[in-house]
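Protein chains in written order, with the working numbering: chain D, 35 to 278; chain R, 35 to 278; chain X, 35 to 278; chain F, 35 to 278.
Think of the CB as a built atom: it goes at the ideal place given N, C-alpha and C, for glycine as much as any other residue.
Number of protein chains: 4
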Amino acid sequence: MNKKVKVTIWNEYRHEKTNVAVSDIYPEGIHGAIAQGLGEEFDIRIATLDDPEHGLTKARLDDTDVLLWWGHTAHQEVADEIVDRVVSRILQGMGVIFLHSAHHSKLFKKLMGTSCDLKWREVGEKERLWVIAPGHPIVAGIGDYFELEKEEMYGEFFDVPEPDQVVLLSWFEGGEVFRSGCCYTRGQGKIFYFRPGHEVYPTYHNKDVQRIIRNAAHWCAPVDRPPTGFGNAEPLEVLAANKN
Amino acid sequence: MNKKVKVTIWNEYRHEKTNVAVSDIYPEGIHGAIAQGLGEEFDIRIATLDDPEHGLTKARLDDTDVLLWWGHTAHQEVADEIVDRVVSRILQGMGVIFLHSAHHSKLFKKLMGTSCDLKWREVGEKERLWVIAPGHPIVAGIGDYFELEKEEMYGEFFDVPEPDQVVLLSWFEGGEVFRSGCCYTRGQGKIFYFRPGHEVYPTYHNKDVQRIIRNAAHWCAPVDRPPTGFGNAEPLEVLAANKN
Amino acid sequence: MNKKVKVTIWNEYRHEKTNVAVSDIYPEGIHGAIAQGLGEEFDIRIATLDDPEHGLTKARLDDTDVLLWWGHTAHQEVADEIVDRVVSRILQGMGVIFLHSAHHSKLFKKLMGTSCDLKWREVGEKERLWVIAPGHPIVAGIGDYFELEKEEMYGEFFDVPEPDQVVLLSWFEGGEVFRSGCCYTRGQGKIFYFRPGHEVYPTYHNKDVQRIIRNAAHWCAPVDRPPTGFGNAEPLEVLAANKN
Amino acid sequence: MNKKVKVTIWNEYRHEKTNVAVSDIYPEGIHGAIAQGLGEEFDIRIATLDDPEHGLTKARLDDTDVLLWWGHTAHQEVADEIVDRVVSRILQGMGVIFLHSAHHSKLFKKLMGTSCDLKWREVGEKERLWVIAPGHPIVAGIGDYFELEKEEMYGEFFDVPEPDQVVLLSWFEGGEVFRSGCCYTRGQGKIFYFRPGHEVYPTYHNKDVQRIIRNAAHWCAPVDRPPTGFGNAEPLEVLAANKN
């Protein structure tokens, strides 16, 4: 209980280098703002697309409790081999938080098994996120709703498997709704998809967004259990065929 | 995070006073064994049927994070008024763990809205409980399965609403299966139903059973949030009818 | 397959008698408009609050496959005994569709076990209902969304148990969202809650609303199975204790 | 409603050609027994691994409502391109029933996103399947349980995503349990995993097994709706930024 949760923030880290509208908001990278929002209660490391093995070596993953994933423009540059490695670690128990446009990352799509398509619009409209699971630890400290003055719109139908639980629903000024906080489990790994976070808006400086990411990082942390057994198994009872 | 979770163990506490087979196993009451299994990490109080207001005064409930409920022979003696009071507190966020025959308590039935009927047999047969949600915090520290040499059988169909999540399935020697660890949320309150615990077997002395109850008490603890708003609400946006 | 589903439409039938704004829209009662929308493919009967036993005799319920429920101003006049009778029939397999303000009926609250509270506002604002389960039979024939120009607003948090499936989400002009199509099962009975239908708007004349109610009435119809067994059960296998 | 559901039964069709123990039970192939069990109420076609494009041409898939899949020994011989084609068709609405060892097919694993591993044992022990969702159309006509005298054992933990609904739980003579009837939706396509069906036992001649497959084929059939819209979307409301 007392050990800090080990979080690896993975950021594509491309927009910040080429678009001044992004680097003005996130001078230390999107990962920098997310790290600041997580704060002292976590043991934080950074990994980016252009690091060797995208910063996701086996050693790094084995020493990660929860992975955060932000990507948008370069999903196709992520190596399939690394995706497979991360999936394998998730099934063993590592948690993962997918942020915003990570809905179209190779990793998310592989875990979901669907197209993960949706409607979208980028005009900087108002988003209001409503809590629909007020007993869930991911919304600790959050009121009935919170607002983001300008965000990209994502609209239903969101082509993902039925979540184990939806904790947040978004209302958009332009007329759409969206399941913006979705909980899943795959293998022993817990997954949270959290919608907001378009790169040209200061979303990751928002206190409610930061609180939800902190809460989700705790919720996603692995449970300490012996590895699950698979494969050929001896009977635990005497079978009728062997009783004589 | 550092404050102890406040647990109130409610026990009908009748079998122990009249049946030596029970008091031999639970000389300090079923609640005593459960309290011992919970241990130092919780702030524990006891309430029983024969206490004034069944030990469940408003003050006591307001100061309880998680209620445990064991009852069997005297469900009808629990006052409707107290049941309503406890339901109200659960909807506000108090967690509750229903143990074994609490499936037929007024409180559980009221929260479920169904008959909560099942098949049963009391011959002291073997039960083996299998983990089917290995990433869930309620099964931390539990292997693929654990066994109870002698238990009462509960068999499907268990007439309860579809659980939000089933974490344990039981195999019974006599040929039945059962959803033995069921998670629900009602209002802001989290609910766990945990099947084993017939009074004439030493189930609450079992280390795996104790571990699951400890895990569940943490999982059920309330989330710190402002109370949810209900009722007549002013619009958050300017309506078309008012735009001129 | 060829037999018509037997539908009983239960309507409180009070507003239509006292409020000309309602009777102008529903000259044959709200039940009349619903019946017209269901059409020839169902075997339809009407029951109202002021009928003897509210029109819900045991014989009538036993001969009903799917019950529709519209009520608003007189929930407290529904006799507890009749509520218990209906619950019992639902657990045995009768389907039920709760319409709009039926969320606060005794029957719905008893089945849910929660307060069923929500936020509301009655100013006649725009509602847009989005399909989030496009493979579900209840949304057959419905596009990505449909609109109601004027409706009462219901907003989250809606204090109901997590639905087995949510098929529709509402966007409201005033800034709220709502889970507007919720599927449940209680016992062998299937339940659908469908949000729209305030009495002073012509909602039940809307083609999409009518289509969803038709679809839901098919979906809710009972499954033909022998009654489930409950209670004391003989072992299906030879127990170790009896093997010598 | 009157048109027959178009079912394509896909069978690996290898064991029947090389193992007399299998061909004795299934002289017309496993697909032949399944087709016979489905009967006149469906429009049935057969496809096998050794057909050109495994019998799963685009034209065939476009003309299929529900695909059944039986495979075991040659999962790796199924071309990735065909798997992608089938996934795409499922997301558009085609239903699919995975039978027994199809849990390790490329197709099922791709849709699930997990390892789909489990425990197994092949000694011909007794399996008893319990209904835990008595209101679900897939168990129409089935009693509280049914038995298969000899089957292969599959045991938990079954590494699949949490099903939308579990309708059957298996008890095995050797001491294990299993979620044997699992419902999923992916995109607009409904998926049913049905556990029994090892090739050396006459499982597909069993009347209850046949009934469940028939029920599932109806349940999986596509819903008639316009295709879902995805991608860039114009606002449905006037945005504040454009109001002056």
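Contact with chain X by residue i, beta-carbon distance below 9 Å
| i | result |
| --- | --- |
| residue 225/D | no |
| residue 186/D | no |
| residue 195/F | no |
| residue 245/D | no |
Per-residue burial, residue i [other beta carbons within 10 Å of its own, 16 or more giving buried]
| i | result |
| --- | --- |
| residue 276/F | exposed |
| residue 232/D | buried |
| residue 49/R | buried |
| residue 37/D | exposed |
| residue 207/X | buried |
| residue 224/X | buried |
| residue 289/X | What is shown of chain X runs 35 to 278, which leaves residue 289/X out entirely. |
| residue 40/R | buried |
| residue 170/X | buried |
| residue 113/X | exposed |
| residue 241/D | exposed |
| residue 45/F | buried |
| residue 52/X | exposed |
| residue 81/X | buried |
| residue 118/D | exposed |
| residue 84/D | exposed |
| residue 110/X | exposed |
| residue 70/X | exposed |
Any chain D beta carbon closer than 9 Å to residue i
| i | result |
| --- | --- |
| residue 237/F | no |
| residue 266/F | yes |
| residue 275/R | no |
| residue 80/R | no |
| residue 174/R | yes |
| residue 149/F | yes |
| residue 128/F | no |
9 Å Cβ cutoff, residue i in contact with chain F
| i | result |
| --- | --- |
| residue 35/D | Note that residue 35/D scores 48 on pLDDT, short of 50, meaning its location in the model is unreliable; the coordinates nonetheless yield the value given after this. Not closer than 9 Å to any Cβ of chain F, the Cβ of residue 35/D fails to qualify, so no. |
| residue 259/X | yes |
| residue 179/D | no |
| residue 229/R | no |
| residue 76/R | no |
| residue 164/D | no |
| residue 210/R | yes |
| residue 92/D | no |
Those residues which DSSP pairs with residue i across a bridge
| i | result |
| --- | --- |
| residue 204/F | 163/F and 212/F |
| residue 312/D | Any property of residue 312/D remains undetermined from this structure, which presents chain D solely from 35 to 278. |
| residue 79/F | 42/F |
| residue 223/F | 220/F |
| residue 154/F | 266/D and 188/F |
| residue 142/R | Paired residues: none, contrary to the question. |
| residue 199/R | 217/R |
Chain-ordered chain A contacts of residue i [CB-CB under 7 Å]
| i | result |
| --- | --- |
| residue 191/R | No chain A appears in this structure, whose protein chains are D, R, X and F. |
9 Å Cβ cutoff, residue i in contact with chain R
| i | result |
| --- | --- |
| residue 203/F | yes |
| residue 183/F | no |
| residue 123/D | no |
| residue 219/D | yes |
| residue 167/F | yes |
| residue 199/D | yes |
| residue 269/X | yes |
| residue 161/D | no |
*Is there contact between the stretch 250–263 of chain R and the stretch 115–131 of chain R, where contact requires at least three CB pairs shorter than 8 Å?*
yes
*Contained beta strand (DSSP E) runs [length at least 3] in the stretch 158–195 of chain X, N- to C-terminal order*: 179–189
*Just checking, does the stretch 140–157 of chain R make contact with the stretch 184–195 of chain R on the three C-beta pairs under 8 Å criterion?*
yes
_Touching by the beta-carbon criterion (3+ pairs, under 8 Å), the stretch 190–198 of chain X and the stretch 76–96 of chain X_ = no
*Would you say the stretch 71–78 of chain F touches the stretch 258–272 of chain X, given that touching needs at least three Cβ pairs under 8 Å?*
no
*Below 8 Å, can you find three or more Cβ-Cβ pairs linking the stretch 165–183 of chain F to the stretch 244–251 of chain F?*
yes
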